[in-house]
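Novice:
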Amino acid sequence: MPAVGRGPSSRRQPVARDVALPTPEDTHAFGRWLGARLHAGDLVVLTGDLGAGKTTLAQGLGEGLGVRGPVTSPTFVISRIHPSLVGGPALVHVDAYRVGSRLELDDLDLDADLDESVTVVEWGAGVAEQLSDSRLEISLTGDDERIARLVAVGPRWERLLDSLIQL
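Residue numbering for the sequence shown is 47 to 213, as defined by the working numbering.
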C-alpha cells in the first residue's frame, strides 16, 4: 500500500494527508481501497495536471465501488453514470475541464443525484465545492513520484483520513 504522511493536525482547518503513489498501479490500488469505503452522498473532487492520474484514480474508485465500467474520462460528454453491480451506490463521474463556471456545473443538475450516488469530479477545484459542505479533495502532483494530497472537508472525511494512518 502507498506510504502515508500526516498533514496539519489542527481540527479547526481541514485535515490533510499526503499519500505517495509511485506508480499508476499504486494510484489505481489506492482508488480501489478508497472506493470500497465510499457511500451514497459522498463527493470526491480530483485536481491535477494532464496525465496526473485523475482518471486512473477514478477507475480504481469505480472498481472499489463495484460499478459497471469501463470508467473512462468523460471529457466530451462531461458526465457519466456508472450503475452499481453489487447493490451499492452508482458512480457519477464528471469531467469539469470544459466547464467554465459554477453556474455551468449547476446546469448539470448533479445535486439531483448527489444523495443517492458517489460523485467524483475531475478538474473540480473552484467549481465543485458548491455541491456539498462535506467532501474529499484530492490533488495529484509530482513528476517522478506522484503525491496525492487528500484534504478532508467535514467530519466524515476526517475519520476516513485518520484511518489512513493505520495502513
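For each residue, glycine too, the CB sits at the ideal point set by N, CA and C. Since this is a predicted model, take the numbers as computed values, not measurements.
How far does the beta strand (DSSP E) with glutamate 168 in it reach, from first residue to last?
Specialist: Glutamate 168 -> beta strand (DSSP E) spans 163-168.
Novice: Does the Cβ-Cβ distance between aspartate 208 and glycine 87 come in under 7 Å?
Specialist: Cβ atoms of aspartate 208 and glycine 87: not closer than 7 Å.
Novice: Buried or exposed: which applies to histidine 74, given that a residue is buried once 16 or more other Cβ atoms fall within 10 Å of its Cβ?
Specialist: Buried, since its Cβ has 16 or more Cβ neighbours within 10 Å.
Novice: Please tell me whether leucine 177 has its Cβ less than 7 Å away from any Cβ of chain D.
Specialist: Of the chains in the structure shown, none is chain D; there is only one protein chain.
Novice: Smallest Cα separation from alanine 82: which of Glu71, Ile124, Asp190, Gly134?
Specialist: Cα-wise, what sits closest to alanine 82 is Gly134.
Novice: Whole angstroms is fine: what's the gap from glycine 99's alpha carbon to proline 68's?
Specialist: Each residue's alpha carbon lies about 11 Å from the other.
Novice: With a 10 Å radius around its C-beta and 16 neighbouring C-beta atoms as the bar for buried, classify glutamate 71 as buried or exposed.
Specialist: Flag for glutamate 71 reads exposed.
Novice: Have a look at serine 130 and leucine 137 and give me their C-alpha separation to the nearest angstrom.
Specialist: In a straight line, the C-alpha of serine 130 is about 7 Å away from that of leucine 137.
Novice: Please classify glycine 201: is it buried, with 16 or more other beta-carbons within 10 angstroms of its beta-carbon, or exposed?
Specialist: As written in the sequence, residue 201 is proline, which differs from the glycine given in the question. Proline 201 should be labelled exposed.
Novice: Using the C-alpha atoms, what's the distance from valine 140 back to serine 125?
Specialist: Approximately 4 Å, taken between the alpha carbons.
Novice: Quick check: the Cα distance between arginine 192 and alanine 66, rounded to an integer number of angstroms?
Specialist: Each residue's Cα considered, the two are about 6 Å apart.
Novice: Let me check understanding here. Comparing Cα to Cα, which of Val166, Leu177, Asp179, Ser178 lies closest to serine 185?
Specialist: Closest by alpha carbon: Val166.
Novice: Can you tell me whether aspartate 141 is helix, strand or coil according to DSSP?
Specialist: In the structure shown, aspartate 141 sits in a strand (DSSP, three-state: E or B).
Novice: Here's a check: name, in chain order, each residue in its chain whose Cβ is nearer than 7 Å to the Cβ of glycine 94, leaving out the five neighbours to either side.
Specialist: Contacts found: Lys100, Ser185, Leu186, Thr187.
Novice: For aspartate 85, which of Asp190, Ser180, Leu210 has the nearest alpha-carbon?
Specialist: Before going further, note that residue 85 is histidine rather than aspartate in the sequence given. Here the closest residue by C-alpha is Ser180.
Novice: Leaving aside the five residues before and after serine 174 along the sequence, list all residues of the same chain whose C-beta is less than 6 Å from its C-beta, in chain order.
Specialist: It should be noted that the sequence gives alanine, not serine, for residue 174. Taken in chain order, the residues that qualify are Val91, Val167.
Novice: Can you give me the start and stop residues for the alpha helix (DSSP H) that glutamate 71 sits inside?
Specialist: Run containing glutamate 71: 70-81, per the alpha helix (DSSP H) assignment.
Novice: At the level of alpha carbons, what is the spacing between leucine 107 and valine 113?
Specialist: Approximately 9 Å between the Cα atoms of the pair.
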